[in-house]
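Participant: Submitted below is the structure of interest, expressed as structure tokens.
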Amino acid sequence: MLVWWWPELVSSLFSIATFVSIVVVLQTYNGKPLTALHLPRYLTLNGILGALGTLNRAFMVAPVGSAIMQEVWLLFSAVGQKTTLHDLDLYDAASRGAFGSFALIFQLRSRRLLACLGALITILSLAFSAFMQQVVTYDRMVAADPGSPLAPGNLARVETYTEFRGNPAEGGAQASSPPYDFVAAFYSGVLSGGIAPLTAPCPSGNCTWPLTPSLAVCGGCQVSPTPPPPVCFAACETDFYMGVTSAPNCTKIPNLYCNYTLPSGAVATLLNWDNHTDAEMTGSFPGFQAVGSTGAYYNFSAGDRLYAANFDLFGAPYDSYSGRNLTFTHTECALWFCVETYNTTVIENRQIQQVVSTIGKLNASSYVFPPVGAAADPQNSTNFNLTGNVAFEVIGMWTSAVMTGSVGLNLESQSFSSDLMKGVWNGTTDPDAWINNIATSLTNVVRSTNSTPRAEYGGTAYQLGVSVRWVWLSLPAALVVMAIAFLFTIMAKTALSPVAPWKGSPMTLLLFDIDHKAKEASYGQAHKYRGLQSAVGNMKVGLSEEPGKTWRFRAS
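Residue numbers (our numbering): 462 to 1017.
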């Protein structure tokens, strides 16, 4: 008897084999990064799974169709049971695909549960490919190999800064200056906008780091609501020409210039603009000044910060051509060393960095900052400091010098004592953004100088990898099991019945006889649409074995 079923048995074996192959492929590649799949260029994992899934469904459905057709022989041959010829059409259509299976389930309902099970398997197999496509997804996963080239390491961080040029032993701090990269960063921060923080090293494009503290530079500006009162004095007209030396024994003009004593004690000297007519403006006169100072709001003498720069900005608003009939502005700004703690992530090559805490105040005489706390320094073992005072003094003296200058106005143009003053004057339009831009630029240099890597601040790299969602394999697995169970049930029932495994053989139907009552009812109906179904479809027949080993459909 088994020889009749060898095509279905072989197909079922291939169905099991292809399903096992799918599971093996999924298990092999589950959790692997895309860079480690090692597939040929012309193959993809989805392509392999798609091919195996298609084969699996084909091998699974073929025996089901044969078993459905075998069920019809069992139905017609059942002792004491008559079945309509219309059911023969239903079973034949169900064995061919999902549309016929829908019709079989709808019309038979609970009358033939086994046949409905086969039809249900055929229908559910339509979802086989959809479920297979949901099994594999590509998620971010940790690059587990610490030696991987994708490992991001530490963010740039530094615990001390002692850089300067020159030899203080031969002239003190005045004979030295900040390093070139510090000078360049200062000029860049003053003159350009939009300085970005250092780019985090993330080869994979997706990384995270623990909270990371580092020595940095912070900044702030304080705008005074009212300018100080002027103290005007007589002077030669050329005394404060931009770049012009006054002639000896010149005639002094009363109230020509005015001094403005700022809260820090610094003095800005500007032309007494409202005491002169346009005709008298024959040169370029000071209308804005930057003055290095010791600060008032940011008081250097308080000894609670390590100031890298203190300066006052006073005079006409940005882009003025005259100081007449204007309210002068006063802004006090400062830069100081601090410790910032960064929360940094990179998502799809886009860096997101937040400063979660800042320590700016300390006892300046020790040059050592307070601890950053357990969240950023679990071992509480890091001392952020400016060892010694040379670098600190060098930077302060240099910034005080370069941040002293003037902007001259002459009704038609503007002149600047240095290129730096162009950026300084422009900075008064948005002092906070401007000073923070300088601070970011200097922080980038500080963090990049003698960076101090530590294991506890190592980052974690993420990369796209294969993630198998096994739950989506439940339907394909259930269908394979149900198809095999359905086939073996039909095989067992056939073995216990008088019929052979004829399945869907058209020759068998052709050679079986049918009684004259059915034949007579079908005469002239074959050429009509649904003529045969209307004439004999509802006729109940049974299949019985005749003498001589022949079979006949007998009508009731």
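C-beta: ideal position from N, C-alpha, C; glycine also. The model shown is predicted, which means the values in this text are computed figures rather than measured ones.
Would you mind stating whether Pro-613 and Gly-919 have Cβ atoms separated by less than 9 Å?
Facilitator: Cβ distance < 9 Å, so Pro-613 and Gly-919 count as in contact.
Participant: Does the Cβ of Ala-523 have 16 or more other Cβ atoms within 10 Å, making it buried, or fewer, making it exposed?
Facilitator: Buried is the call here.
Participant: Distance cutoff 9 Å, beta carbons only. Does Pro-662 sit that close to anything in chain D?
Facilitator: Absent from the structure is chain D; it holds one protein chain and no more.
Participant: Going by CA-CA distance only, name the one from Glu-793, Trp-670, Phe-647 that's closest to Tyr-759.
Facilitator: Looking at the Cα atoms, Glu-793 is the closest of the given residues.
Participant: Closest to Ile-483 by CA distance: which of Trp-466, Phe-567, Pro-494, Phe-592 is it?
Facilitator: Checked all of Trp-466, Phe-567, Pro-494, Phe-592; the closest Cα to Ile-483 is Phe-592.
Participant: Compute the beta-carbon to beta-carbon distance between Val-442 and Asn-720, rounded to the nearest angstrom, for a pair I have assumed lies under 8 Å.
Facilitator: In the structure as shown, the chain begins at 462 and stops at 1017. Residue 442 is therefore absent and cannot be evaluated.
Participant: What do you get for Ile-896, buried or exposed, if any count of 16 or more other CB atoms within 10 angstroms of its CB means buried?
Facilitator: Its Cβ being crowded by 16 or more others within 10 Å, Ile-896 is buried.
Participant: Of the choices Ala-837, Asn-911, Ile-509, whose alpha-carbon is the least far from that of Gln-594?
Facilitator: The option with the nearest alpha carbon to Gln-594 is Ile-509.
Participant: What does Ile-820 pair with, by DSSP beta-bridge criteria?
Facilitator: Its beta-bridge partners are Val-800.
Participant: Does the Cβ-Cβ distance between Ala-770 and Gly-681 come in under 9 Å?
Facilitator: The answer is no: Cβ separation not under 9 Å.
Participant: Can you tell me whether Gly-704 is helix, strand or coil according to DSSP?
Facilitator: The predicted model places Gly-704 with a pLDDT of 44, which falls under 50 and marks its position as unreliable, so this point remains unresolved.
Participant: Have a look at Gly-526 and Thr-950 and give me their C-alpha separation to the nearest angstrom.
Facilitator: One C-alpha to the other measures close to 14 Å.
Participant: By how many angstroms is the C-alpha of Thr-598 removed from the C-alpha of Met-943?
Facilitator: Using only the alpha carbons, I get a separation of about 27 Å.
Participant: May I ask you to report which of helix, strand or coil DSSP gives Phe-749?
Facilitator: Three-state result, Phe-749: strand.
Participant: In chain order, what residues of the same chain lie with their CB nearer than 8 Å to the CB of Arg-557, ignoring the 5 residues before and after it?
Facilitator: The answer, listed in chain order, is Gly-526.
Participant: Buried or exposed for Ala-677, please, with buried defined as at least 16 other CB atoms from any protein chain shown within 10 angstroms of its CB.
Facilitator: Per the 10 Å Cβ criterion, buried.
Participant: Going along the chain, which unbroken runs of the beta strand (DSSP E) with 3 or more residues stay wholly within the segment 485 to 510?
Facilitator: Entirely contained in the segment 485 to 510, not one beta strand (DSSP E) run reaches 3 residues.
Participant: Alpha carbon to alpha carbon, how far is Ala-661 from Val-885? Give it in angstroms, no decimals.
Facilitator: Whole-angstrom Cα-Cα distance: 30 Å.
Participant: Tell me the rounded alpha-carbon separation between Leu-578 and Met-602.
Facilitator: Cα to Cα, Leu-578 sits roughly 42 Å from Met-602.
Participant: Going by C-alpha distance, which of Leu-585, Arg-908, Ser-935 is nearest Phe-563?
Facilitator: Comparing Cα-Cα distances from Phe-563 to each of Leu-585, Arg-908, Ser-935, the minimum goes to Leu-585.
Participant: Cα-Cα, which of Ala-559, Thr-722, Trp-931 is closest to Ile-529?
Facilitator: Cα-wise, what sits closest to Ile-529 is Ala-559.
Participant: Should the segment 849 to 859 be regarded as contacting the segment 869 to 883, the criterion being three or more beta carbon pairs within less than 8 Å?
Facilitator: Output reads no: the segment 869 to 883 does not touch the segment 849 to 859.
Participant: Nearest to Leu-659 by CA position, among Ala-646, Ser-665, Val-651, is which residue?
Facilitator: For the residues Ala-646, Ser-665, Val-651, the minimum Cα distance to Leu-659 belongs to Ala-646.
Participant: Counting beta carbon pairs with one atom in the segment 898 to 910 and one in the segment 541 to 550, are three or more of them shorter than 8 Å?
Facilitator: Counting Cβ pairs under 8 Å, fewer than three are found: no touch.
Participant: State the Cα-Cα distance for the pair Ala-922 and Gly-655, rounded to the nearest angstrom.
Facilitator: The straight-line gap from Cα to Cα measures roughly 28 Å.
Participant: Can you list the alpha helix (DSSP H) stretches of 4 or more residues lying completely in the segment 879 to 950, in chain order?
Facilitator: DSSP runs (the alpha helix (DSSP H)) wholly in the segment 879 to 950: 880 to 888, 892 to 909.
Participant: From the DSSP output, in three-state form, read off Ser-472 for me.
Facilitator: DSSP places Ser-472 in helix when its eight states are reduced to three.
Participant: Could you check what DSSP says for Ala-580 in three-state terms: helix, strand or coil?
Facilitator: If DSSP states are grouped into helix, strand and coil, Ala-580 belongs with the helices.
Participant: Are Phe-789 and Leu-731 touching if we call contact CB-CB under 9 Å?
Facilitator: Cβ atoms of Phe-789 and Leu-731: closer than 9 Å.
Participant: Grab me the residues of Ser-774's own chain with a C-beta within less than 6 Å of its C-beta, minus the 5 sequence neighbours each way, in chain order.
Facilitator: Residue 774 is actually Leu in this sequence, not Ser. Excluding positions up to five away in sequence, the list reads Ala-751, Thr-792, Thr-889.
Participant: Is the beta carbon of Val-525 within less than 8 Å of some heavy atom of the ligand SAH?
Facilitator: Looking at this structure, you won't find the ligand SAH or any other ligand, since it has none at all.
Participant: Please confirm if the segment 503 to 520 is in contact with the segment 468 to 484, defined as three or more CB-CB distances below 8 Å between the two stretches.
Facilitator: Flag = yes, the segment 503 to 520 and the segment 468 to 484 touch.
Participant: In this structure, what does DSSP give as the bridge partners for Val-522?
Facilitator: Answer by DSSP bridge pairing: none, since Val-522 is not bridged.
Participant: Just mark Trp-1012 as buried or exposed, buried being the case when its beta carbon has 16 or more other beta carbons within 10 Å.
Facilitator: By the 10 Å Cβ count, Trp-1012 comes out buried.
Participant: Does DSSP put Thr-687 in a helix, in a strand, or in coil?
Facilitator: In this structure, Thr-687 counts as coil in the three-state DSSP scheme.
Participant: Between which residues of its own chain and Phe-669 is the CB-CB distance below 6 Å, once the five residues before and five after are set aside?
Facilitator: With the sequence shown as reference, residue 669 is identified as Thr, and Phe is not the correct amino acid for it. For Thr-669, where only same-chain residues beyond five positions count, the Cβ hits under 6 Å are Thr-806, Thr-921.
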